[in-house]
Amino acid sequence: MKCKIYQVISSRIPQLLQEIEQRISQALQLARKHQVKPEDLVEQHKKLKAELTALLDFSESEEMLIEQEKLAFEQMQATATALTASRQQSATRLAQNVTQSIKQLAMENAEFYVELNTDLDKVSANGADNVIFTLRSNLGQQPQPLAKIASGGELSRISLAIQVLTSDQSAIPTLIFDEVDVGISGKTASVVGKLLRQLSERCQVLCVTHLPQVACHGHHQFNVEKFTVDNKTETKMTALSQAERVPALARLLGGSEITELALANAQEMLDLVH
1 MKCKIYQVIS
11 SRIPQLLQEI
21 EQRISQALQL
31 ARKHQVKPED
41 LVEQHKKLKA
51 ELTALLDFSE
61 SEEMLIEQEK
71 LAFEQMQATA
81 TALTASRQQS
91 ATRLAQNVTQ
101 SIKQLAMENA
111 EFYVELNTDL
121 DKVSANGADN
131 VIFTLRSNLG
141 QQPQPLAKIA
151 SGGELSRISL
161 AIQVLTSDQS
171 AIPTLIFDEV
181 DVGISGKTAS
191 VVGKLLRQLS
201 ERCQVLCVTH
211 LPQVACHGHH
221 QFNVEKFTVD
231 NKTETKMTAL
241 SQAERVPALA
251 RLLGGSEITE
261 LALANAQEML
271 DLVH
């Protein structure tokens, strides 16, 4: 009996060895195909099986995702609508306050507006509004986009008014104003100077000016001059001491010839501010 069993097993060994070699060859081929080690084929099989299941469920998942996207967009539109309403209230207040401020800055007939163009089909992280600043410079005119019609001086003054009104909410460390004094003088220039000084309580303010009524309000003053060296124009900026500010302001008041009256007026301007 034992002999017969041995004979049967012995006759099967070559076939078993061949089957084992084929399985090993298949395993090596699969390992190369999937770029894994042969011993990792079981885990790779589980992974591919899970991916296949996910693909078979894709149509159902796609419908669910589409519905979730629709609900999310509707929620975003609702939030954007609430943001638009809040902006509209703030825009009205800002327009009124800016208009009131610029009327003190030699823009007596100007009206400042804030327009909101809302498109709920184009909602972004910033809402659905396109905000446009418009200006009516003179009576009888239609408001136009500020960027198209305002002069450099008007832009500077409007910017100054906005910065002063929103300074408690702004995180800008430094503001630079140029041409803010174009087309103004006297009392209006003094108002500009006061606003700049008020603004400097919350951030650093740099202002380029030719008016002593503006310059006298600065905590510090620099003199800027151009000169020619070897046919090249150079610019020099010099920090002025408190004593040097008096003749500098007097020069702005009276031109190249500094009179005793101009010096007295300059000193008085500094005394009133400081």
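Going left to right, the sequence shown walks through residues 1 to 274 as UniProt numbering numbers them.
We put the CB at the ideal spot given by N, CA and C, even for glycine.
Spatial distance of residue i from residue j (CA atoms)
i           : j           : result
residue 64  : residue 40  : 34 Å
residue 162 : residue 222 : 26 Å
residue 165 : residue 229 : 44 Å
residue 21  : residue 31  : 15 Å
residue 129 : residue 219 : 40 Å
residue 92  : residue 147 : 20 Å
residue 267 : residue 149 : 39 Å
residue 95  : residue 192 : 19 Å
residue 52  : residue 88  : 52 Å
residue 131 : residue 72  : 24 Å
residue 168 : residue 57  : 55 Å
residue 2   : residue 16  : With a pLDDT of 43 at residue 2, under the threshold of 50, the modelled position of that residue is not reliable, and the figure given next carries that caveat. Residue 2 and residue 16: Cα-Cα distance of roughly 20 Å.
residue 190 : residue 224 : 21 Å
residue 145 : residue 242 : 43 Å
residue 6   : residue 14  : Bear in mind that a pLDDT of 48 at residue 6, under 50, signals an unreliable position, so the model cannot answer this.
residue 141 : residue 244 : 47 Å
As assigned by DSSP and simplified to three states, the class of residue i
i           : result
residue 265 : helix
residue 124 : strand
residue 182 : coil
residue 70  : helix
residue 239 : strand
residue 109 : coil
residue 172 : coil
residue 234 : strand
residue 62  : helix
residue 201 : coil
Neighbour-count burial assignment, residue i, 16 or more Cβ in a 10 Å radius
i           : result
residue 217 : buried
residue 181 : buried
residue 188 : buried
residue 26  : exposed
residue 55  : exposed
residue 171 : exposed
residue 23  : exposed
residue 227 : exposed
residue 196 : buried
residue 239 : exposed
residue 237 : exposed
residue 85  : exposed
residue 42  : exposed
Reference residue i; option with closest CA among the options
i           : options            : result
residue 198 : 256, 245, 107, 214 : 214
residue 116 : 126, 107, 109      : 126
residue 206 : 176, 221, 110      : 176
residue 83  : 67, 118, 95, 73    : 118
residue 133 : 210, 139, 159      : 159
residue 208 : 37, 244, 152       : 152
residue 79  : 250, 106, 120, 247 : 120
residue 246 : 231, 37, 57, 271   : 271
residue 110 : 90, 97, 237, 138   : 138
residue 103 : 178, 140, 154      : 154
residue 203 : 173, 250, 211      : 173
residue 211 : 264, 237, 249, 244 : 249
residue 107 : 61, 46, 66, 156    : 156
residue 179 : 46, 105, 123, 29   : 105
residue 277 : 38, 232, 34        : The chain is shown from 1 up to 274; residue 277 falls before or after that span and cannot be answered.
Terminal residues of the beta strand (DSSP E) in which residue i lies
i           : result
residue 136 : 129 to 136
residue 257 : From DSSP, residue 257 is part of no beta strand (DSSP E); its letter is neither H nor E.
residue 225 : 221 to 229
residue 206 : 204 to 208
Delimiting residues of the alpha helix (DSSP H) encompassing residue i
i           : result
residue 289 : The requested residue 289 is not part of the displayed model; the chain covers only 1 to 274.
residue 35  : Counting along the chain, residue 35 falls outside any alpha helix (DSSP H), and DSSP gives it neither H nor E.
residue 148 : 146 to 149
residue 139 : No alpha helix (DSSP H) holds residue 139; DSSP gives it neither H nor E.
residue 153 : 152 to 166
residue 291 : With the chain represented from 1 up to 274, any question about residue 291 goes unanswered, as that position is not in the structure.
Heavy atom of the ligand FMN within 8 Å of residue i beta-carbon
i           : result
residue 154 : With respect to the ligand FMN, the structure shown offers nothing to examine, as it has no ligands at all.
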